[in-house]
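Notes for the one structure printed next.
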Amino acid sequence: MELIEETPYRFRIDRHGQMRVPGVVYASRALLPDPAADRSLDQVVQVATLPGIVGASYAMPDMHWGYGFPIGGVAATDVRDGGVVSPGGVGFDISCGVRLLAADLDRREFGPVRERLMDALGRDIPRGAGRGAVWTLAGQPEMARVLREGSRYAVRRRGGGDRDLYRCEDGGAVDDADPEQVSARAIDRGLGQVGSLGSGNHFLEVQAVEEVYDERVAEAFGLRRDQVCVMIHCGSRGLGHQICTDHVRAMEKAMPRYGIQVPDRQLACAPVESPEARAYLGAMAAAANYARANRQVLGDAADRVFRAVTGRTLELVYDVSHNLAKIETHEVDGERRELCVHRKGATRALPPHHPDLPPDLREVGQPVLIPGSMGTASYVLTGVPGGGAFFSTCHGAGRLRSRHQAAKSVRAKDLRRDLERRGIAVRGASARGLAEEAPAAYKDVTEVVAAAEGAGLARAVARLCPLGVVKG
DNA sequence: ATGTTC
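Be aware that the first sequence starts at 10, since it is given in the numbering used here, and climbs by one per residue.
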């Protein structure tokens with residue numbers, strides 16, 4: 010496959026075969042996937058064949074292989090022109106995302122309370138596969154409220170304030186959730202998991218603001234140098250996974266009816282205006298609300314720990330998903346068009362003055378939260394005017410080697426010792442989980458962020474370094 | 001990512 014280097018941070022794959030649009034990969038040459046080890050560039054090409062796709066099939070600098078679509082993939086389809094929605098363009102962890110809270114605490118004050126704080130977080134933050142959560146829902150009726158009202162219901166029932174809503178994407182909940190499209194099995198799996206991290210690359214990290222690149226924007230976000238923060242990365246647990254499974258199956262069955270053929274069955278899809286697509290989008294929105302409630306409740310649990318141990322509070326900086334499809338209006342070829350924008354391992358990045366921003370962020374843009382791999386830096390970026398790929402950017406470091414490869418080549422004991430030696434406290438991580446998440450299995454998040462900036466997708470505001478990590 | 005193979 011031919012990659013044409015348009016700029017040092019933008020590569021193009023010209024239309025060929027069944028492609029309806031070109032492929033565009035925002036990456037440095039060094040970050041491009043190795044075709045021998047990772048077939049995600051082929052996935053960019055295959056996504057470009059989807060009915061109704063507009064612009065290009067995009068990939069972010071942290072791209073790697075995923076289910077159907079690449080992780081780090083962005084694809085928009087025209088709702089009124091036969092455009093489709095594909096569950097593979099969102100992924101199994103629907104509305105997985107990141108929540109950043111800032112403590113009224115300086116990094117110098119963290120040292121003396123480090124052990125007590127980390128022990129308390131280790132005790133109060135549920136994690137790992139299976140059950141155990143901050144909030145067990147009282148059956149299907151209460152679940153329906155979480156699915157419809159998301160973080161708004163979590164704040165009302167479990168604690169939180171106005172800022173928890175206006176500083177959350179979509180004000181804490183999307184309106185078009187349809188709990189009727191969520192199967193009984195999905196609900197059953199989700200009942201006991203609201204307020205739980207899960208496993209894999211999900212975590213809660215205590216961090217410090219190590220460097221500020223833009224004082225004005227950082228101040229508006231609520232961040233200052235040396236400030237202690239808490240970053241939470243998790244999603245919709247078994248509920249979202251089951252919704253994806255259910256609706257992929259339904260779309261596989263429905264595709265022949267719509268005369269849609271795809272080059273990979275993992276790209277199962279249906280026209281956005283079809284009953285199958287409406288059902289998926291309603292269930293997906295419900296999972297998005299569930300994921301926001303999950304992160305809200307975990308943030309509230311961390312706030313309670315901070316209050317108890319330090320007497321200080323946590324305040325929300327922002328909460329944003331990186332696995333979601335949304336119906337958005339964008340200008341394409343000089344025309345305003347209604348698009349279904351799939352972001353899978355890609356973060357929405359609204360520029361200053363975008364109408365969807367809350368008033369206190371209008372002048373500076375949306376906080377974009379980019380977790381690094383375990384033990385490395387994380388970044389806070391902001392959206393920029395004219396950002397390509399429908400206002401999207403990267404979502405993290407991006408996996409370089411499979412979980413299996415990582416577990417084979419890394420000794421958890423060595424990794425844990427290395428983290429502790431660097432002053433990073435570790436709580437609750439299984440040996441296997443630790444090895445699978447070794448930084449050696451990931452790209453360098455600093456290079457990824459540099460590529461995103463170089464490509465004009467976002468702008469760096471601050472770098473955060475880890476002080477302690479709670480992992481599944 | 002995931003009651004890590006209904």
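Note that beta-carbon positions come from the ideal geometry of N, C-alpha and C, so glycine has one too. Quick caveat, the model's predicted, so the values are computed rather than measured.
(Q) Tell me the rounded alpha-carbon separation between His351 and Ala471. (A) Counting only the Cα atoms, Ala471 lies some 27 Å from His351.
Subject >> Range of the contiguous alpha helix (DSSP H) that encloses His413 >> reply: Arg412 to Ser418
### Task
Select from Leu443, Gly396 and Asp71 the residue whose C-alpha is nearest the C-alpha of His404.
Asp71
Comparing C-alpha positions only, which one of Trp74, Ile80 and Gly437 sits nearest to Ala421? In terms of CA proximity to Ala421, Gly437 leads the group Trp74, Ile80 and Gly437.
*asked:* Please return the same chain residues whose Cβ sits closer than 7 Å to the Cβ of Met28, not counting the five positions on each side in sequence.
replied: These residues qualify, in order along the chain: Val54, Ala57 and Thr58.
| Can you tell me the Cα-Cα spacing of Pro475 and Arg132, whole angstroms? | 19 Å
Tell me the DSSP secondary structure of Thr385 in three-state form. coil
Check your understanding: Does DSSP classify Glu347 as helix, strand or coil?
Key -> Looking at Glu347 - three-state DSSP - the assignment turns out to be strand.
Would you check if the segment 98 to 110 and the segment 323 to 331 touch, i.e. whether three or more CB-CB distances between them fall below 8 Å?
yes
*Does the beta-carbon of Ile13 have 16 or more other beta-carbons within 10 angstroms, so that it is buried, or is it exposed?*
exposed
- Task: Report back the beta-carbon spacing between Tyr289 and Pro96 to the nearest angstrom; my notes put them in contact at under 8 Å.
- Result: 6 Å
Inset, instruction - Taking 8 Å as the cut-off, decide whether the C-beta atoms of Arg301 and Gly159 are in contact. - result: yes
Where Gly242 falls, given that 16 or more other Cβ within 10 Å makes a residue buried: Correcting the residue identity first, residue 242 is His in this sequence and not Gly. Looking at its Cβ environment, which holds 16 or more other Cβ atoms inside 10 Å, His242 is buried.
Confirm, please, whether the CB-CB distance from Leu307 to Gly395 is below 8 Å. no
Query raised in the report: Is Pro364 helix, strand or coil when you go by DSSP?
Result: coil
Range of the contiguous alpha helix (DSSP H) that encloses Pro475:
From DSSP, Pro475 is part of no alpha helix (DSSP H) but of the beta strand (DSSP E) over Arg468 to Lys480.
When we look at the beta-carbon of Thr16 and count the other beta-carbons within 10 Å, is it buried (16 or more) or exposed?
exposed
- Task: Output the boundary residues of the beta strand (DSSP E) element that contains Ala85.
- Result: Ile80 to Asp87
Practice item. Grab the span of the alpha helix (DSSP H) containing Phe101 for me, first residue to last. Key: From DSSP, Phe101 is part of no alpha helix (DSSP H); its letter is neither H nor E.
According to DSSP, what are the bridge partners of Leu109?
-> Met240 and Tyr327
*Among Ala292, His73 and Ala39, the one whose alpha carbon lies nearest that of Ala153*: Ala292
Comparing C-alpha positions only, which one of Ser411, Ala460, Gly32 and Ile22 sits nearest to Ala450? Ser411
message: I need the straight-line Cα distance from Lys452 to Leu40, nearest angstrom please.
response: 8 Å
TODO: Alpha carbon to alpha carbon, how far is Gln236 from Gly320? Give it in angstroms, no decimals.
DONE: When rounded, the distance between both Cα atoms is 15 Å.
Original post:
Val94 and Ala286: beta carbons closer than 8 Å?
Top reply: yes
CA-to-CA distance, Ser66 to Pro265, given in whole angstroms: Within the model, the alpha-carbon separation for Pro265 versus Ser66 is close to 24 Å.
Can you tell which of Glu344, Phe230, Gly397 and Ala46 has the C-alpha that lies nearest to the C-alpha of Met69?
Selected option, being the one with the closest Cα: Gly397.
Is it true that the CB of Glu214 sits closer than 8 Å to the CB of Val419? A distance of 8 Å or more separates the beta carbons of Val419 and Glu214.
**Asked** On the three-pair Cβ rule with 8 Å, is the segment 214 to 228 touching the segment 457 to 465?
**Response** In short, these stretches do not touch, since the Cβ pair count stays below three.
Exercise. In whole angstroms, what is the alpha-carbon distance linking Asp427 and Leu443?
Worked result: 12 Å
Three-state class that DSSP yields for Val435 in the structure shown:
strand
For Glu445, which residues from the same chain have a beta carbon less than 7 Å from its beta carbon, with the 5 sequence-adjacent residues on both sides left out?
-> Arg412, Ala415 and Ala416
Q. Buried or exposed: where does Met260 fall if 16 or more other Cβ atoms within 10 Å of its Cβ makes it buried?
A. Counting the other CB atoms within 10 Å of its CB gives Met260 a total of 16 or more, which places it among the buried residues.
ask   = Considering only residues of the same chain and omitting the five flanking positions on each side of Phe119, which have a CB-CB separation below 8 Å?
value = Leu126, Val215, Ala217, Val237 and Leu476
query = How would you write the range of the beta strand (DSSP E) that Pro70 sits in, first residue to last?
reply = DSSP places Pro70 inside the beta strand (DSSP E), whose first and last residues are Ile62 to His73.
- Task: Report yes or no: do the segment 71 to 83 and the segment 344 to 358 share at least 3 C-beta pairs separated by less than 8 Å?
- Result: yes
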